[in-house]
Ligand code: GDP
Ligand code: MG
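Numbering (my numbering), first residue to last: 1 to 681.
Structural data, given as structure tokens:
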């Protein structure tokens, strides 16, 4: 069964046709009864009303479907880069992906972003050049663009028949057959290659063999010896090359016209890996409190249970739907399991398999598979589940920094508790969304990845949870850091209930490289004479410092890029308490930083814009007026693309100015790039 399972995602720049293609795949795989049109707001994968109104996919839900004796789990990756965390989370659990390109535009900025992420997670891909029916569509231009921009060897496995509105089908370069689709029919017609297309088909088949021989010795040998290369060998060698990420095979289609989709589903099955054909998951086995050993966990149903929660959706009736990917062992329904991240026992009351329009109860879920657990109470996105006697954590996921905050309060104070509950639910679903209470004003402040991200969350609070809230203006979430090194010795002593609580320690702080985050190092001697400093005291010191990392130096923004080293601990058995050491560490850190030339850092955003040619001048000057820097400009057939960088604080309301200078025809994305010292601070 494992060999016949695929966990795949579909990734694309917004509007390239991800939703349409997914719909067609679900339709042809027989699980969806009618074709939903994105334009009618009827798409099945876009569950949430809001997504349909906005026309973008926010949630990644997993859907299972079947094709030619194979089970395909489709993990829906969001197309909008404001939600990169969602993309990362889904890439973590995919074994392969379909990358969709627009046949007119080729590689677009978000495709590059997502491609880089796919590289980071070593996700094997097949490429699908969609919208071959559009005016200006050019398969060969896009194939070239993909090769150049994504820096991967490509191999066209098909070439198109007909152009633009006459696009009628493809030539399969392995079988050397024509495949056509009649309008208003799902049937494919397979025929020999027409004489006038024989030459070009042979030329492209040659290129295919050439690309393949670059990565396969068997093919090279046969090629050089002018021996016949059987199709079965081509399939087998291509499969290996795709799984190794040596080759990106390219397919052509026009999903909206129902052209090209079935061969794409065949390709998912033929070239993308089964869960046990990729390297085993790497995980951290906890040896002691802070000592881990890296281990690899093969995909084996006979192994110990290990899985990761990659998505949580709150459903009114069922409660938390926890989407899990099982890496090892068998998850059984109705029995206990262990949340290793939270160190808490949980229960999988029920297990479900999600199809596009219904869910199916399962008795168990095997290694390699994806499903939904109902009944877990504490699980958060990113948690590892398994058994209590095997403390293994699957790699932690990396999430980008939240850079925008708004204050939020209920219209009536009686609803404050309800609002807090809803916010807690939402942040369980989405770890890039954080909540804190402003110490001075008592206001609730929520932070996220961008204006759109917070906007979507606020709309959900209003519509899904029916809470009336007042929302403040968006504010930039700055960071604090230091620009010099400093050392401070703190002492602490307080008598509580007649007992002395005392601590003394020395902390050295120094700036870390930008982008490195905070580091905590214990370099003090923890054994003096007969006295060994207990683990609880050491943990209290670490807690004190991580609390200070979060609460800032001068302005109360979180600290970043600081290395804090505890260089000495004075310890006396009779007066030492956890409480004293935690307070002392926190105070010593604050004092050390205050005299280490603190600086305020602001988030700088990567701005990717596109607009029709006639507006590009004005669009670029909009960016520079806001303190942005233009990094590059690229002219496409129908649009110009501009890459820029700008400080977040100048980018509020940018969408409105952009709309007004471009008559609504320009678009952009804003993604956190890095932190930089705020001028003058
Ligand atoms: P997504 O943002 O990647 O999910 O893209 P959608 O599937 O929502 O498609 C964006 C737009 O492109 C919609 O208006 C679709 O109808 C249209 N579209 C999708 N596939 C095709 C196609 O093959 N040809 C043409 N001409 N338009 C398409
Ligand atoms: Mg979509």
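Here a beta-carbon is modelled for each residue, glycine too, at the ideal position from N, C-alpha and C. If you're wondering where the values come from, they're calculated on a predicted model, not measured in any experiment.
For residue i, three-class secondary structure by DSSP
{"i": "residue 136", "result": "coil"}
{"i": "residue 678", "result": "coil"}
{"i": "residue 325", "result": "strand"}
{"i": "residue 469", "result": "strand"}
{"i": "residue 436", "result": "strand"}
{"i": "residue 180", "result": "strand"}
{"i": "residue 649", "result": "helix"}
{"i": "residue 14", "result": "coil"}
{"i": "residue 303", "result": "coil"}
{"i": "residue 587", "result": "helix"}
{"i": "residue 542", "result": "helix"}
{"i": "residue 345", "result": "strand"}
{"i": "residue 714", "result": "Since the first residue of the chain shown is 1 and the last is 681, residue 714 is not available in this structure."}
{"i": "residue 620", "result": "helix"}
{"i": "residue 501", "result": "strand"}
{"i": "residue 547", "result": "helix"}
{"i": "residue 595", "result": "coil"}
Per-residue burial, residue i [other beta carbons within 10 Å of its own, 16 or more giving buried]
{"i": "residue 51", "result": "With a pLDDT of 41 at residue 51, under the threshold of 50, the predicted position of this residue should be treated as unreliable, though the coordinate-derived value follows. Looking at its Cβ environment, which holds 16 or more other Cβ atoms inside 10 Å, residue 51 is buried."}
{"i": "residue 613", "result": "exposed"}
{"i": "residue 336", "result": "exposed"}
{"i": "residue 140", "result": "exposed"}
{"i": "residue 453", "result": "buried"}
{"i": "residue 517", "result": "exposed"}
{"i": "residue 88", "result": "buried"}
{"i": "residue 192", "result": "exposed"}
{"i": "residue 63", "result": "buried"}
{"i": "residue 3", "result": "exposed"}
Option nearest residue i by Cα separation, candidates the options
{"i": "residue 538", "options": "530, 509 and 505", "result": "505"}
{"i": "residue 74", "options": "492, 325 and 185", "result": "325"}
{"i": "residue 235", "options": "269, 203 and 254", "result": "269"}
{"i": "residue 558", "options": "476, 493, 508 and 581", "result": "476"}
{"i": "residue 584", "options": "288, 562, 491 and 403", "result": "491"}
{"i": "residue 350", "options": "367, 70, 63 and 371", "result": "371"}
{"i": "residue 364", "options": "377, 526, 271 and 328", "result": "328"}
{"i": "residue 607", "options": "67, 109 and 409", "result": "109"}
{"i": "residue 554", "options": "259, 643, 593 and 410", "result": "593"}
{"i": "residue 169", "options": "242, 257, 113 and 238", "result": "257"}
{"i": "residue 661", "options": "611, 636 and 669", "result": "611"}
{"i": "residue 656", "options": "623, 181, 676 and 341", "result": "623"}
{"i": "residue 122", "options": "278, 188 and 220", "result": "278"}
Residue i: CB within 7 angstroms of a non-hydrogen atom of the ligand GDP
{"i": "residue 667", "result": "no"}
{"i": "residue 113", "result": "no"}
{"i": "residue 553", "result": "no"}
{"i": "residue 12", "result": "yes"}
{"i": "residue 255", "result": "yes"}
{"i": "residue 134", "result": "yes"}
{"i": "residue 182", "result": "no"}
{"i": "residue 106", "result": "no"}
{"i": "residue 131", "result": "yes"}
{"i": "residue 18", "result": "yes"}
{"i": "residue 15", "result": "yes"}
Cβ-based neighbour list, residue i, same chain, cut-off 6 angstroms, excluding 5 preceding and 5 following
{"i": "residue 111", "result": "13"}
{"i": "residue 582", "result": "540, 543 and 544"}
{"i": "residue 9", "result": "75, 77, 90, 94 and 97"}
{"i": "residue 298", "result": "280"}
{"i": "residue 99", "result": "11, 125 and 127"}
{"i": "residue 190", "result": "177 and 179"}
{"i": "residue 147", "result": "154"}
{"i": "residue 678", "result": "600 and 602"}
{"i": "residue 286", "result": "292 and 391"}
Beta-carbon proximity list for residue i, same chain, < 7 angstroms, skipping 5 on both sides
{"i": "residue 314", "result": "320, 425 and 429"}
{"i": "residue 255", "result": "17, 20, 21, 24, 130 and 261"}
{"i": "residue 550", "result": "558"}
{"i": "residue 486", "result": "509, 592, 595 and 596"}
{"i": "residue 536", "result": "578"}
{"i": "residue 620", "result": "630 and 642"}
{"i": "residue 133", "result": "164, 165, 167, 254 and 257"}
Own chain residues within Cβ distance below 8 angstroms of residue i, not counting five before or after
{"i": "residue 469", "result": "408, 409, 410, 411, 419, 458, 461 and 462"}
{"i": "residue 521", "result": "563, 564, 565 and 566"}
{"i": "residue 760", "result": "Look at the range of the chain in this structure, 1 to 681, and you will see that residue 760 is not part of it."}
{"i": "residue 627", "result": "646, 647 and 650"}
{"i": "residue 568", "result": "489, 505, 506, 524 and 525"}
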